Amino acid sequence: MRFIARLETIISGRLENGDPDSYTVRLATSGTKRIAQKVGEEAVELALAAAAGTEQEVVDEAADLVYHLLVLLNERGLSIADVAARLHTRHAD
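Everything in the sequence shown is counted per our numbering, starting at 2 for the first residue and increasing by one.
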């Protein structure tokens, strides 16, 4: 999970830099609806890979989904820590 937090930092840094050649910047500037659409697309691709793909395809699609989810969370002013806190609350003994 440490790399996920690092990836959030990388995403934030790219957004702060504002490099127009960065996919992350282009995605973020396309707006929340487009980012959400990408999350949906990646989720479907992961589901299809899980149903009929190789293990590597599942891993690749899961990575794409996590990346796009992190961009979406950033766009909404949230982080993976917020998601982890909710999961912790739901599964606390």
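We treat Cβ as the ideally placed atom computed from N, Cα and C, and that holds for glycine. Given the structure is predicted, the values throughout are model-derived calculations rather than measurements.
Closer than 7 Å by C-beta to GLU76: which residues in its own chain qualify, once you throw out the five before and the five after it? Chain order, please.
So the qualifying residues of the chain are ALA29, THR33 and ILE36.
Identify the continuous alpha helix (DSSP H) that holds THR55 and give its terminal residues.
Unbroken run through THR55: none, as it is neither H nor E.
With H, G and I counted as helix, E and B as strand and the rest as coil, what does DSSP make of LEU74?
helix
Alpha helix (DSSP H) segment containing ASP83, residue limits:
81-91
Inter-residue CB distance, LEU16 and LEU71 (contact presumed, cutoff 8 Å)
Rounded, the Cβ-Cβ distance is 11 Å, inconsistent with contact.
Please report the straight-line C-alpha distance between LEU66 and THR90, rounded to a whole angstrom.
23 Å
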